[in-house]
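J.: Per the working numbering, the sequence shown starts with residue 5, numbered consecutively.
For reference, the structure I am asking about is given below.
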Amino acid sequence: MTYFFETYGCQMNLAESAAFTADLKERGWLPAENGADADLVLLNTCSVRITAEERVFGRIAHYVSVKKKLLAAGGGAPALVVAGCMAQRLGEGLKEKYPLLDYVMGTAAKSSFPLILQDVERRGGLKGNGGGGQRESDLSESPAFSFSRSHIEEGKFSSFVPIMHGCDNFCSYCIVPYVRGREVSRSPKEVLDEINLAAGRGIRDVTLLGQNVNSYVWQDEGGSRKLDFAGLLELAAREAAKTGLSRLRFLSANPANFSDAATRVMAENPCFCRHLHLPVQSGSDAVLEAMRRGYGRERYLQLAASIRSAMPDMSFSTDILVGFPGETDEDFQMTLSLMEEVKFSYAYMYHFNPREGTAAYSLPGRISEEVKRARLSQVIELQKKHTKELLKKRLGSNCTVLIEGISRKNADELIARTEKDEMVVVPGPASLTGSFAQVNLRSLRGNTFRAKELSPCPGV
Numbered sequence: 005m006t007y008f009f010e011t012y013g014c015q016m017n018l019a020e021s022a023a024f025t026a027d028l029k030e031r032g033w034l035p036a037e038n039g040a041d042a043d044l045v046l047l048n049t050c051s052v053r054i055t056a057e058e059r060v061f062g063r064i065a066h067y068v069s070v071k072k073k074l075l076a077a078g079g080g081a082p083a084l085v086v087a088g089c090m091a092q093r094l095g096e097g098l099k100e101k102y103p104l105l106d107y108v109m110g111t112a113a114k115s116s117f118p119l120i121l122q123d124v125e126r127r128g129g130l131k132g133n134g135g136g137g138q139r140e141s142d143l144s145e146s147p148a149f150s151f152s153r154s155h156i157e158e159g160k161f162s163s164f165v166p167i168m169h170g171c172d173n174f175c176s177y178c179i180v181p182y183v184r185g186r187e188v189s190r191s192p193k194e195v196l197d198e199i200n201l202a203a204g205r206g207i208r209d210v211t212l213l214g215q216n217v218n219s220y221v222w223q224d225e226g227g228s229r230k231l232d233f234a235g236l237l238e239l240a241a242r243e244a245a246k247t248g249l250s251r252l253r254f255l256s257a258n259p260a261n262f263s264d265a266a267t268r269v270m271a272e273n274p275c276f277c278r279h280l281h282l283p284v285q286s287g288s289d290a291v292l293e294a295m296r297r298g299y300g301r302e303r304y305l306q307l308a309a310s311i312r313s314a315m316p317d318m319s320f321s322t323d324i325l326v327g328f329p330g331e332t333d334e335d336f337q338m339t340l341s342l343m344e345e346v347k348f349s350y351a352y353m354y355h356f357n358p359r360e361g362t363a364a365y366s367l368p369g370r371i372s373e374e375v376k377r378a379r380l381s382q383v384i385e386l387q388k389k390h391t392k393e394l395l396k397k398r399l400g401s402n403c404t405v406l407i408e409g410i411s412r413k414n415a416d417e418l419i420a421r422t423e424k425d426e427m428v429v430v431p432g433p434a435s436l437t438g439s440f441a442q443v444n445l446r447s448l449r450g451n452t453f454r455a456k457e458l459s460p461c462p463g464v
């Protein structure tokens, strides 16, 4: 039997799609080239912004149309599954809107996936008209979230390892706590077991993952031992050293929860990449307070300075949200000045779009679309300038890269990544894929370095 996935949104969705794929392969399923030829089509969805949902609505409508035509022609049709945050938010209302959907599997219902597969297998997939549009499995109406054993994507040399799920912050603009639920931390044993598994399968770069990753806290059943994020980082570094894993990263970290202990562990262990995604959202105290971010401008700047003091080669990326209700011209200028002070290597930039169900949805002082677009344009232009400046400073330097694959444009060139999350193109044979190499950064094409290989790094 065959499957076809489309995954939208964050890294957690990518990790969970990798776990779903592993479940399918264990049962002997094979990937299909397109949805029309698959026995099962799964859309793993995102609800963070309305534009993400609108895109998925279009894809659902497309597959429903495909399915309708196949059924009308008297043949079998794929079982359609909508998973992820959008499924959690809209629930069975999606099936009311699209009756030919077979399953709606929210973020807390991942444990139902084997039941869905059993249902499709029992009905014989396309040959047995497996997509009948009826939910026949006894899926739990109040499932508990559970972590998958592995999130390794076949053929990749980097992998995500979720360590916690959900968020308790309830930032006023954010839908995540409502679709991902409250924070649940994963057992440190499970985390270390997956790091070990990843290293054993040739993974060289692991990202510890969570919606609010540095709020991780684990307490054993007796309550006698408690492990915080810094403690887990220390254990992960030891496991990396033991297994030969070269690189560890984590995201996304909330500045409000970032401890001095976490900075110390990173500085003492070179396996942690010298790049950190540290979302700021705004440079204005008034806006940050209205966003319920839990920190102010000075706290953010002090944190960035403290991390750079401990690790002078640290680079930062961030998220910036402009046009929040009540944001004045002065507030916006404070965001620009913070960008000038920190100098981010790159940023995810967007303007405020109200999300029904969040506290910010009903806030007064809405900013006009024209002003929001103008402010976003300024932020984008300033970030482009900073990115270009920082990349140019790196020209002529040597660095270690992980070679991830062959360039799509030139079979004699390889795509690689630095520990600072920069893309590099370097000439070389395909046999180097999955290995580390020392390169010299020679020139730039857009935001991608073109480099010359100096030597392989077999011991890294």
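Glycine included, every Cβ here is placed at the ideal spot set by N, Cα and C.
Does the distance from the CB of Q306 to the CB of F348 come in under 8 Å?
T.: It is not a contact, given that the beta carbons lie outside the stated cut-off.
J.: Taking L418 as the reference, give the member of L367, S341, K456 and K424 with the closest Cα.
T.: Nearest of L367, S341, K456 and K424 to L418, Cα basis: K456.
J.: Once DSSP output is grouped into helix, strand and coil, what is the label at P329?
T.: Three-state DSSP puts P329 in coil, outside helix and strand.
J.: For Y7, which residues does DSSP report across the bridge?
T.: For Y7, which the question treats as bridged, DSSP gives the partners P35 and L44.
J.: Quick one: what's got a C-beta closer than 6 Å to T211's C-beta in the same chain, skipping five residues either side?
T.: So the qualifying residues of the chain are F164 and R253.
J.: Three-state secondary structure (DSSP) at E238?
T.: The answer is helix: DSSP assigns E238 an H, G or I state.
J.: For P184 versus M168, is the C-beta spacing smaller than 8 Å?
T.: Looking at the sequence shown, residue 184 is not Pro but Arg. No, the pair does not count as a contact, with Cβ atoms beyond the cut-off.
J.: I'd like the list of long-range same chain contacts for M318, defined as Cβ closer than 8 Å, with 5 residues on each side in sequence excluded.
T.: Hits under 8 Å: R278, H279, L280, I311 and R312.
J.: Under the three-state reduction of DSSP, which class applies to Q285: helix, strand or coil?
T.: Reduced to three states, the DSSP call for Q285 is strand.
J.: In chain order, what residues of the same chain lie with their CB nearer than 8 Å to the CB of R63, ignoring the 5 residues before and after it?
T.: For R63, where only same-chain residues beyond five positions count, the Cβ hits under 8 Å are E10 and L47.
J.: Just the C-alpha distance for S465 and S176, rounded to the nearest angstrom, thanks.
T.: Here the chain comprises residues numbered 5 to 464, so residue 465 is not present and cannot be evaluated.
J.: Near E20, which residues of its chain fall below 6 Å by C-beta distance, leaving aside the five closest residues on each side in sequence?
T.: Here the set comprises nothing.
J.: Mind pulling the beta strand (DSSP E) runs of 3 or more residues that sit fully within the stretch 305–377?
T.: Whole beta strand (DSSP E) segments, 3+ residues: 319–326 and 350–355.
J.: Going by CA-CA distance only, name the one from N444, T452, N414 and L44 that's closest to D425.
T.: Ranking N444, T452, N414 and L44 by Cα distance to D425 puts T452 first.
J.: Could you have a look at E225 and say whether DSSP puts it in helix, strand or coil?
T.: In this structure, E225 counts as coil in the three-state DSSP scheme.
J.: Sort N173, V85, A83 and E272 by Cα distance to A234 and report the nearest one.
T.: Nearest C-alpha to A234: E272.
J.: Does DSSP put H390 in a helix, a strand or coil?
T.: If DSSP states are grouped into helix, strand and coil, H390 belongs with the helices.
J.: Nearest by alpha-carbon distance to E238: which of Y107, G204, S69 and P274 is it?
T.: Out of Y107, G204, S69 and P274, P274 has the C-alpha closest to the C-alpha of E238.
J.: Within the continuous alpha helix (DSSP H) that includes A113, where are the two ends?
T.: Looking at the DSSP string, A113 is not in any alpha helix (DSSP H), and its letter there is neither H nor E.
J.: Measure how close the beta-carbons of I207 and S162 come, nearest whole angstrom, since I'm counting them as under 8 Å.
T.: Contact flag correct, Cβ pair sits at about 7 Å.
J.: R251 lies in the alpha helix (DSSP H); which residues open and close that run?
T.: Premise fails: R251 lies in the beta strand (DSSP E), R251 to L255, not in any alpha helix (DSSP H).
J.: In this structure, does DSSP put K71 in helix, strand or coil?
T.: Note: K71 maps to helix in three-state DSSP.
J.: Given a cut-off of 8 Å, decide if Y67 and V85 are closer than it, judged by their beta-carbon atoms.
T.: For V85 and Y67, no; Cβs fall outside 8 Å.
J.: What does the alpha-carbon distance come out to for the pair S341 and C50?
T.: Approximately 32 Å between the Cα atoms of the pair.
J.: If you draw a straight line from the C-alpha of D224 to the C-alpha of N200, how long is it?
T.: Straight-line Cα distance between these residues: approximately 21 Å.
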